[in-house]
Amino acid sequence: MNIGSIMEKERHVIKENDTINYALELMNRFHINGMPVIDETDNLVGMVVKADIYRFMVTPGHYDSCPVEWVMAKSVISAQADEEILTVAKRLRENDIVSMPVLENNKVIGIINVENLLDYCISQK
């Protein structure tokens, strides 16, 4: 079975020029810890997570006006919708991450996370 069948299709993304403050607002509203970052043409350019933002906020400053681009990871581990579930699960584990964007032609079409994998495993019982 492929990852596209169990991924979350409702995608929450943010633009690279949106503010760090706005990113935190969105993550809190949607109860998520990170989001893919896209450019003006909707291509994936990074990933931002709360932990990176909090590390940035340790130094006093104007985080409410700083762009997400300042704190995002530019090297993103991702999956393709047609990849096998076990392959993607191994990639999550090997990289010690809990979620990753699912791409098609470098566009974010969903998110796969540990919860999706656990739900899949439970449903197979």
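Residue numbers for the sequence shown follow UniProt numbering, so the first one is 1 and each next one is one higher. Here a beta-carbon is modelled for each residue, glycine too, at the ideal position from N, C-alpha and C.
Name the residue from the options whose alpha carbon lies nearest to the alpha carbon of residue i.
i     : options                       : result
ILE53 : ILE20, GLU8, ILE85 and LEU26  : ILE20
TYR22 : ARG11, LYS50 and CYS121       : LYS50
GLU40 : ILE14, GLY110, GLU25 and GLU8 : ILE14
Going by other Cβ atoms of all chains shown within 10 Å of its Cβ, with 16 needed for buried, is residue i buried or exposed?
i      : result
VAL108 : buried
ALA79  : buried
MET1   : exposed
ILE111 : buried
Between residue i and residue j, which are expected to be in contact by the criterion C-beta below 8 Å, what is the C-beta distance as a whole number of angstroms?
i     : j     : result
MET57 : VAL48 : About 13 Å; that fails the 8 Å criterion.
Just the Cα atoms here: how many angstroms apart are residue i and residue j?
i      : j      : result
ASP18  : PRO67  : 5 Å
ILE6   : GLU104 : 15 Å
ILE3   : TYR120 : 10 Å
GLU94  : ARG55  : 24 Å
LEU118 : GLU84  : 15 Å
Please say whether residue j and residue i have beta carbons closer to each other than 8 Å?
i     : j      : result
LEU92 : VAL114 : yes
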